[in-house]
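To start, the structure under review is shown below, and the notes come after it.
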Amino acid sequence: MSELHDECGVFGIYKNDSDTDIVEETYLSLYALQHRGQIGAGIAVNNNGNMTHYKDFGMIPEALPEKEISRLENGKMALGHVKYSSGEAVDHENLAPLVMRYIKGQLAICMNGALTNYHELRDDLNKGAAIFQSNGDTEIIAYLIARARIKSATIEEAVMNAVSRLKGAYAVVMMSPSKLIGVRDPMGIRPLCLGKFGDSYVITSESCVFDSMGGEFIRDIAPGEMVVVDGEGLHSYQCMKSEKTALCLFEYVYFSRPDSIVDGVPVAKARQRAGKLLAKQHPVDADIVCAVPDCGIEAAIGYATESGIRYATGLIKNMYIGRAFNNRKKNSEYLMRIKLNALKHSVEGKSVIVIDDSILKGKTSKHIVDLLRNAGAREVHMRIASPMFRNPCYLTSDTTPKEDLIASDKSVEEICKYIGADTLGFLSVESLPEIAKECNLDFCDACFTGKYPVDVSNTSREDKYSQKIK
Ligand code: SF4
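Taking this note's numbering as reference, the numbering of the sequence shown is continuous, increasing by one, and the terminal residue is 470.
Spelled out as structure tokens, the structure:
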């Protein structure tokens, strides 16, 4: 149960048949992306260039109530977005999709990722008297496209011009009056894929969306590729080139759903491999292996398979906690108790290996060890299916500062003592690429190694988010 905040999830559909109810398909598809963001959700629909939208805070049923969604005009295209951001989303304006009017009509846009040159771009736009409604990256990209469109013959040209100025990690989906467009950052840090639902094209963050729709996965969108869908079909442009690629390894560890395939590697398979490697690197005698749900489950199965120790359910997660409860931060210990419970009959009197995906601040791990001990576990051995998370991520929505990361200044022994486990073991950094060895991209592992794939020296997430909205 990672303490790293989720990403965002993006979705876009271009309808090519008369049967598809585009609003309903977008709404239902967002459920398959809910794990990527629970702070807010939104839908924008394009009916012959006239765009209507609705977005609000909360998980999908709360953010997108039936009475609001039914007011959206059905149309030819739609965008959907689920958002997580620990800093931005205090303002409604930061929810997505962002729908704006510009010289060529309306433009709707949403993204997953984070720009590392946000300040530079915003300062530049400010000098041109830009008026911002939000303090998010999405509006910056929308502005750049609108500006570029004045001098560009086509929307494609304008988007290419705009994204050439972006640095960082992004998967963007947008609608012009007549086109659905998806762009992935040149290093492929954030995932983006293409599929079909009937004759309609879909661009989204994860392949599990196609399964939930009853559609088909076509392929991952390549790093630096722009995909355009219009009345004439699908068009692809390799609009940016990078000497290196750097897919976020945390997609395999935590962000993506286990039933997704990210850049050719099934996420469940990657997690099971991590568990097997963990069993080889940190063996221990115990009665059972259990998982911290949900992201520890596949790794725990891998650990149990490799070690021969029986897999058992030791912790139960409450699936029914919405935003209102999540916002009760003052009572975070109570929140953790409500979120997780130990299965007493499963762990009582036993030596338990508990597998989690990662440790950031350490508070959740400490709580989990307490839960298992209070339920009667004789020994608790914690194993983490990723390396020590020592460095902040500047390429996601997460804003956890370095000083809050327990591994930034503590050894394994010190962390073990803090969380109260009998033993603790992390997956080695060297073995990380092994978990997704079929992937044809290289990886970003900066949160573990400190080696960022892009310059992050001018990126201060805290400064960024404390910037006043003007
Ligand atoms: S720093 Fe970590 S979480 Fe951030 S993009 Fe890189 S691998 Fe992913």
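Glycine is no exception: its CB is placed at the ideal position from the N, C-alpha and C atoms.
- For D370, the enclosing alpha helix (DSSP H) begins and ends at K363 to N374.
- When the alpha-carbon of N126 is set against those of L144, G75, G12 and D455, the nearest one is in L144.
- Straight through space, the alpha carbons of I368 and V163 are spaced by roughly 43 angstroms.
- In this structure, I103 and A146 form a Cβ contact; the two beta carbons are roughly 7 angstroms apart against a cut-off of 8 angstroms.
- Taken through DSSP and simplified to helix, strand or coil, D91 comes out as coil.
- Around the beta-carbon of I288, 16 or more other beta-carbon atoms lie within 10 Å, marking it buried.
- In this chain, the beta strand (DSSP E) harbouring N50 covers N50 to F57.
- Q106 is bridged by DSSP to R101.
- Collapsing the DSSP output to three states places D356 in a strand.
- Contact check between the stretch 402-416 and the stretch 214-228: fewer than three CB pairs, one atom from each, fall below 8 angstroms, which does not count as touching.
- Under DSSP, A169 takes part in a beta bridge, and its partners are A114.
- Look at L249: its beta carbon is less than 7 angstroms from one of the heavy atoms in the ligand SF4.
- Straight across, the Cα-Cα distance linking K366 with A312 is about 20 angstroms.
- Under DSSP, Y201 shares a beta bridge with Y14 and K196.
- Nearest neighbour of N391 by Cα position, chosen from S205, A274, F250 and S431, turns out to be F250.
- E306 places its beta carbon less than 8 angstroms from that of K280.
- Per DSSP, the beta bridge partners of M174 are I109 and I181.
- Contact between the stretch 222-229 and the stretch 37-47 is absent: fewer than three C-beta pairs spanning the two stretches fall below 8 angstroms.
- At least one heavy atom of the ligand SF4 sits closer than 7 angstroms to the Cβ of L395.
- Scanning G314, I338, I384 and R383 for the CA closest to the CA of K350 turns up G314.
- Judged by pairs of C-beta atoms under 8 angstroms, the stretch 17-32 touches the stretch 74-83, as three or more such pairs exist.
- Here the alpha carbons of A142 and M111 stand approximately 11 angstroms from one another.
- When the alpha-carbon of N135 is set against those of V253, G188 and L98, the nearest one is in L98.
- I384 sits away from Y303, with the two beta carbons spaced by 8 angstroms or more.
- Annotation for T20: I13, F197, G198 and S200 place their beta carbon closer than 8 angstroms to its own, counting only its chain and skipping 5 residues before and after.
- The secondary-structure analysis by DSSP pairs V45 across a beta bridge with T52 and A78.
- The beta carbon of K15 is closer than 6 angstroms to those of I22, K76 and S200 in its chain, skipping five residues each way along the sequence.
- A residue is called buried once 16 or more other Cβ atoms fall within 10 Å of its Cβ, and Q272 is buried on that count.
- Around the beta carbon of P65, fewer than 16 other beta carbons sit within 10 angstroms, so the residue counts as exposed.
- Assignment of T305 by DSSP, reduced to helix, strand and coil, places it in the helix class.
- Per DSSP, A142 is one residue of the alpha helix (DSSP H) stretching across D137 to K151.
- Closest in alpha carbon position to L427, among L166, T364 and D356, is D356.
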